[in-house]
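Going by the numbering used here, the first residue of the sequence shown is number 232, and it counts up by one from there. For glycine and all other residues, C-beta sits at the position ideal for the given N, C-alpha and C. These numbers come from a predicted model, not from an experiment.
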Amino acid sequence: GEMLLMGGHGVYVWAAVLVSLATLAWLVVSPILQHKQALRQIGLNLSREELRKQNGNKDI
């Protein structure tokens with residue numbers, strides 16, 4: 232009980248903890264998602280380049 236309430240300051244302390252954990256989670260997840268998106272984009276670019284080579288460098 233008292234540990235969670237922290238002498239009446241528990242709301243502020245736990246809010247700060249939650250914000251901190253959410254920020255840390257975002258700092259871990261965001262680069263992973265960006266990396267996956269970059270790999271997808273590279274794959275699309277390679278596919279387009281391969282199609283251009285097959286079609287005699289015509290604009291697609």
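Taking the C-beta atoms as reference points, Val248 is found no nearer than 8 Å to Met237. For Asn286, the secondary structure class from DSSP, reduced to helix, strand or coil, is coil.
The three-state secondary structure of Gly241, taken from DSSP, is helix.
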